[in-house]
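Numbering (our numbering), first residue to last: -1 to 319. Glycine included, every Cβ here is placed at the ideal spot set by N, Cα and C. Below: the structure, in structure tokens.
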């Protein structure tokens, strides 16, 4: 993109996406693109199919508009409204159709200043025969662009709210992500645990919301708890074999292989701060070796029935060292 050029851009739709996660991605993608713009003209396209019974679709659109624009009434002359696939007869009847929409508005819709301003603006344009129409099969695209360029360009910050997403949607996403992390922790799918945790970390970087960082902290605590429970099982089994003098070379190799897997291969140390299971395993290894050596050295001259036990202990010490 070059400075000074004008681009006609189609944004992702609102309220027709594949869930909260996609809606969040679209929201931030549009905001990032807008930050690159010096000025813009919003173009609202209303298709005949989206009108709905008693204008339900238009009322939904008006509520979406309410969530997108900062103050619609103050910038309405910078917004181009294009009617798509309406016949000439329907365009001529648009003022009456919008009157019906206004009559059907709910108290919630009427109480939204932006929503009411958009519907009123739409009626005003219809009454003045100023609604734009465009048929890509018949109309000239360059002539249509010239009409758009006559609108007053405004800095995006003046036009749009910081985000179209409410706290409810973001909390819903955080809750769903936490459930997914817990499920994949339970079934031992480390890659999916890291994937969903990373998605929440990115959201936490973009938003300044305490509930996002709190949910992320809870997720990290759950991961650490699960990892430490698995780690304890490995350590406890190893300690039991040492004390029982039933350790062999295969058990030693398996122990260190399991420690390496949970400490390094899973990659959880990049999610949980100060998690160093390899070091903890090494310290435990040194501890059980020292305890066994002290126990072996403190014993006096073995009796005949203790020779077998001491022989086993000595064999385990050789394995450990």
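The criterion of a C-beta distance shorter than 8 angstroms is satisfied by residue 279 and residue 257. Burial of residue 192 is indicated by the presence of at least 16 other C-beta atoms within 10 angstroms of its C-beta. The C-alpha of residue 269 is placed about 18 angstroms away from the C-alpha of residue 173. Sixteen is the threshold: when 16 or more other Cβ atoms of the shown chains lie within 10 Å of the Cβ of residue 112, as they do, the residue is buried.
Between the beta-carbon of residue 80 and that of residue 28 there is about 19 angstroms, and that puts the pair past the 8 angstroms contact cut. Residue 21 sits buried, since 16 or more C-beta atoms from the chains shown fall within 10 Å of its C-beta. The alpha helix (DSSP H) runs of length 4 or more contained entirely in the stretch 132 to 206 are, from start to end of the chain, 139 to 147, 154 to 157, 165 to 185 and 188 to 204. Between the stretch 47 to 58 and the stretch 95 to 110 there are three or more inter-stretch CB-CB distances shorter than 8 angstroms, so the stretches are counted as touching. Exclusion of the five residues before and after residue 286 leaves 237 and 240 as the residues of its chain whose Cβ lies within less than 6 angstroms of its Cβ. Buried is the label assigned to residue 157, since at least 16 other Cβ atoms lie within 10 Å of its Cβ. Secondary structure at residue 77: coil, using DSSP grouped into helix, strand and coil.
In the same chain as residue 225, and ignoring 5 residues on each side of it, the C-beta atoms closer than 8 angstroms to its own belong to 260, 264, 266, 270, 273 and 275, in chain order.
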